[in-house]
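Okay, so here's the structure we're looking at.
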Amino acid sequence: MSLDELIRACAQEGDAAAWEEFVHRFHELIAGVVLRTTRRCGSNSATLIQDLIQETYLKICADPKRLLAEFTPQYPEAFYGYLKVVTSNVVLDYFRSQRSRKRGSGRSESSIDEVITFSEPTGTRDAEQSVHLEILMKEIDGILRASLDAEGQERDLEIFWLYYRYGLSAAAIARLPSISLTVKGVESVLQRLKQVLCERLARSGVG
Amino acid sequence: MTRDPQAHLSPEELAFLSGERESVSSGDRDRQGAEVHAETCTLCGSRLRSHRLLQANLRNLAVTVAADQKPVCPPEQTWIDLAAGLSSVIEARTFLEHASHCDHCGPILRAASEIMNPEVSDEERELIRKLPTVETTWQRRLAEKMARSSAEQLHREPATPAIPSTTDEGPKTVAEKKPPTSALMGSNWLISNWARWIFPLGAAAVACVVFLYMWYFTPSLSSTNQLIAQAYTELRPFEARFMGAEYGPLREQRGESEQSRSRMAEPVELLQADERIGQALIRHPQDSRWLQSKARIEMLEGKYQAAVEKLVKAQSARSQDVTIQIDLAIAYYARAGTQRDTADKTSDYQRSLHWLNMVLSKNPDEAVALFNRAIVHKELKQYAEATSDWQHYLHIDPSSRWADEAAREMQKTNKNSETR
Numbered sequence: 037m038s039l040d041e042l043i044r045a046c047a048q049e050g051d052a053a054a055w056e057e058f059v060h061r062f063h064e065l066i067a068g069v070v071l072r073t074t075r076r077c078g079s080n081s082a083t084l085i086q087d088l089i090q091e092t093y094l095k096i097c098a099d100p101k102r103l104l105a106e107f108t109p110q111y112p113e114a115f116y117g118y119l120k121v122v123t124s125n126v127v128l129d130y131f132r133s134q135r136s137r138k139r140g141s142g143r144s145e146s147s148i149d150e151v152i153t154f155s156e157p158t159g160t161r162d163a164e165q166s167v168h169l170e171i172l173m174k175e176i177d178g179i180l181r182a183s184l185d186a187e188g189q190e191r192d193l194e195i196f197w198l199y200y201r202y203g204l205s206a207a208a209i210a211r212l213p214s215i216s217l218t219v220k221g222v223e224s225v226l227q228r229l230k231q232v233l234c235e236r237l238a239r240s241g242v243g
Numbered sequence: 063m064t065r066d067p068q069a070h071l072s073p074e075e076l077a078f079l080s081g082e083r084e085s086v087s088s089g090d091r092d093r094q095g096a097e098v099h100a101e102t103c104t105l106c107g108s109r110l111r112s113h114r115l116l117q118a119n120l121r122n123l124a125v126t127v128a129a130d131q132k133p134v135c136p137p138e139q140t141w142i143d144l145a146a147g148l149s150s151v152i153e154a155r156t157f158l159e160h161a162s163h164c165d166h167c168g169p170i171l172r173a174a175s176e177i178m179n180p181e182v183s184d185e186e187r188e189l190i191r192k193l194p195t196v197e198t199t200w201q202r203r204l205a206e207k208m209a210r211s212s213a214e215q216l217h218r219e220p221a222t223p224a225i226p227s228t229t230d231e232g233p234k235t236v237a238e239k240k241p242p243t244s245a246l247m248g249s250n251w252l253i254s255n256w257a258r259w260i261f262p263l264g265a266a267a268v269a270c271v272v273f274l275y276m277w278y279f280t281p282s283l284s285s286t287n288q289l290i291a292q293a294y295t296e297l298r299p300f301e302a303r304f305m306g307a308e309y310g311p312l313r314e315q316r317g318e319s320e321q322s323r324s325r326m327a328e329p330v331e332l333l334q335a336d337e338r339i340g341q342a343l344i345r346h347p348q349d350s351r352w353l354q355s356k357a358r359i360e361m362l363e364g365k366y367q368a369a370v371e372k373l374v375k376a377q378s379a380r381s382q383d384v385t386i387q388i389d390l391a392i393a394y395y396a397r398a399g400t401q402r403d404t405a406d407k408t409s410d411y412q413r414s415l416h417w418l419n420m421v422l423s424k425n426p427d428e429a430v431a432l433f434n435r436a437i438v439h440k441e442l443k444q445y446a447e448a449t450s451d452w453q454h455y456l457h458i459d460p461s462s463r464w465a466d467e468a469a470r471e472m473q474k475t476n477k478n479s480e481t482r
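Protein chains in written order, with this note's numbering: chain A, 37 to 243; chain B, 63 to 482.
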């Protein structure tokens, strides 16, 4: 059964066999997102993961109209994206509500950074180090801007900062919609910019 | 394969020896051979020292924990949608520009991109395999529940139109190219030359007539927008202000379904404007200015989703246009009022705030944006920010009827803030 036919059978006919096929086909995708988001929120409980997987499926089937609306046969990737977003929101909403229950506020408006855990910082920075880093960042930005052609400059700088400052992998950057590069392409940009910096910083003695 | 001892270090070797992350190509990893070469070659030794110094500096730049959110930060849902590939290229461009310089949004984008990673690792696959959810009996039971739930929904709601199938489209027929025929072939010189010119001249004349007709009959955009502004003043279905509209008291609460409105009850200005926009869009279906006007009408008619879609399209054509940014903020604000899910509601208010922040970051005294942002802050229960915006607004506009309303709202906000 094609994806197109499967979505129709689920959303328009409410057919149990079709839904079973749907669960089977998207299980790895949904379970993968639930697993990663739950871990990000600080839990490894298999029971909780199982409950959240079930909740995700029930949320999806509760709005068959939406399921149809989100699916465009020409762009199946967007449908996978939709399923991932629904799944991660189910998990985040669960942890938000847990958090607000703990705080007793009754509101589930915690921001994402309050429920997910980030990797530990390598060490705290004092004011002097922060100022030094601020200057270094400006210097790096200036060198790169001066060395890059206007065309594609902004994109290359975005790649640089997303990779070195915020730790996105080259693969994650390549998947972002406006980047339009393969993983190799992103790696090549990073190598090129690093080379520029290396030459310029060595000459000016910065660092 | 051992490396040539005389060969200078390749970029890959420099990256590897300077301790750069694994994700950047590692290339030839004859580490010992490369290290020996770096020790004996002055040029490569110096290069490696520079690389190591730079690498240490770059490592220090890393931000792993999200800093506090700033008013200009887009809603956090943005990063989840972006990492899942649901943002348009135009939207993504704007958002990435922000994320690459924001210590709040950058780490969240990283977390979102890790969550949305399409590759399932072996370790994750193993964990998933151990869950009871992979068992056929579990999946069957869940599928039965899902079937019941979706069937109930289908009975409750009217039938939805079928989605277009990729197989529905028949094979495209290619029109056969007919060889050009000339009835005048073999005629005398005068006739053939006359014929050579008469057709292009005739076509040009027809084009001129059509152009003049269209120019004369294409309705004026500014007068159409004036009609919409008048209709807004008469209707004013939500607190947020439209640009260029006179004051009008709030008539009804948002959330009224669009089906419950009758076109007969709509002001005549709205009907006239809608007719003009319809004419213009037939001729220029992609014109972002007319799409924006249509979106304004849809907002007055309670069709907020349709308005958002049109404005997003218009915004992608005129990304720096402040009027579209303000309209988009109004559309998200209005749609928030109809959302049942708290997270969706908050997300819409945050989107509205994002666009208003964008306008006000360039022009802090933009009165309509300030007025509207105060309202959005109020909805998000950010009373201190709302009060600050009302104060700023009253400083710019101390005496209009909008100002009276702003003063009343500021008093209410202060009370809410105290009782909180």
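Where is the CB? At the ideal position from N, CA and C, for every residue including glycine.
Residue-level contact to chain A via CB, residue i, 8 Å cutoff
| i | result |
| --- | --- |
| K207/B | yes |
| H416/B | no |
| T449/B | no |
| A446/B | no |
| H439/B | no |
| Q382/B | no |
| R172/B | yes |
| D143/B | yes |
| H99/B | no |
Cβ neighbour criterion (16 or more within 10 Å) applied to residue i
| i | result |
| --- | --- |
| Q444/B | buried |
| P139/B | One detail in the question is off: residue 139/B reads as Gln in this sequence, not Pro. Buried is the call here. |
| I176/A | buried |
| S284/B | exposed |
| Y294/B | buried |
| G182/A | The identity of residue 182/A in the sequence shown is Ala, whereas the question assumes Gly. With fewer than 16 Cβ atoms within 10 Å of its Cβ, A182/A is classed as exposed. |
| A163/A | exposed |
| M472/B | buried |
| Y455/B | buried |
| P136/B | buried |
| K477/B | exposed |
| A446/B | exposed |
| D184/B | exposed |
| R139/A | exposed |
| G68/A | buried |
| G168/B | buried |
| S166/A | exposed |
Limits of the unbroken alpha helix (DSSP H) element including residue i
| i | result |
| --- | --- |
| N287/B | 283-297 |
| T408/B | 404-424 |
| F78/B | 73-79 |
| M173/A | 163-183 |
| C97/A | 82-97 |
| D92/B | First-last for D92/B: undefined, no H or E at that position. |
| P112/A | 112-139 |
| I437/B | 429-441 |
| K474/B | 463-481 |
| F58/A | 52-76 |
| P347/B | No alpha helix (DSSP H) contains P347/B, which DSSP labels as neither H nor E. |
| T385/B | 384-398 |
is_contact[residue i, chain B] using C-beta, thresh 8 Å
| i | result |
| --- | --- |
| P157/A | Residue placement at P157/A is poorly supported in this model, since its pLDDT is 49, which falls under 50; the coordinates are not used for a value here. |
| L172/A | yes |
| G78/A | no |
| D178/A | According to the sequence as given, residue 178/A is Gly; it is not Asp. So, not an interface residue. |
| A45/A | no |
| V69/A | yes |
| A114/A | yes |
| Y130/A | no |
| G243/A | Residue placement at G243/A is flagged as unreliable, the pLDDT there being 42, under the threshold of 50; the coordinate-derived value follows with that caveat. By this cut-off, G243/A is an interface position. |
| D51/A | yes |
| T73/A | yes |
| A82/A | yes |
| A208/A | yes |
| A186/A | no |
| G221/A | no |
Chain C within 8 Å of residue i, Cβ atoms only
| i | result |
| --- | --- |
| Q367/B | Here the protein chains are A and B, and chain C is not one of them. |
beta-carbon residue i near the ligand ZN non-hydrogen atom, thresh 7 Å
| i | result |
| --- | --- |
| S381/B | With respect to the ligand ZN, the structure shown offers nothing to examine, as it has no ligands at all. |
- request: Mind listing, in chain order, the continuous beta strand (DSSP E) runs of no fewer than 3 residues lying wholly within the region 120-206 of chain B?
  value: For the region 120-206 of chain B, not a single whole beta strand (DSSP E) run of length 3 or above is found.
field: Minimum length 4: unbroken alpha helix (DSSP H) runs contained in the region 180-234 of chain A
entry: With a minimum length of 4 residues, the continuous alpha helix (DSSP H) runs that stay inside the region 180-234 of chain A are 189-200, 206-211.
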